[in-house]
Amino acid sequence: MGLDYETFEIAESEYNKLETGVVTKDEIYSINQAVWNYIREFSCHERFSECFTPALWLHVPDEWKRIKYLKR
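In structure tokens, the structure reads:
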């Protein structure tokens, strides 16, 4: 957790592009850079603590199947 549940989210239009599967490596690079810049800037905040750890939620296409390690 960061300051007051600090979060960074990409724009909905960029997320929707990821959902359609029509996205270039340059667009992915741009998203990654935006996240990296946000984390770097946040780490310079006066209330930042080294105890904070970024948590990342990864976008995974719906058609990907889960590894069969869970027994039912």
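Using the working numbering, you'd call the opening residue of the sequence shown number 50 and step up by one each time. Where a beta carbon is used, it is the ideal one built from N, C-alpha and C, also for glycine.
| Item | Value |
| --- | --- |
| Note down the Cα distance separating Tyr78 from Ile88, rounded to an integer number of angstroms. | 15 Å |
| Excluding the 5 residues preceding and the 5 following Ile80 in the sequence, name in chain order all residues of the same chain whose CB lies nearer than 8 Å to its CB. | Ile59 and Glu63 |
| Where are the alpha helix (DSSP H) runs, 4 residues long or more, that stay fully inside the region 56-84, in chain order? | 61-69 |
| Helix, strand or coil, according to DSSP, for Phe91 in the structure here? | helix |
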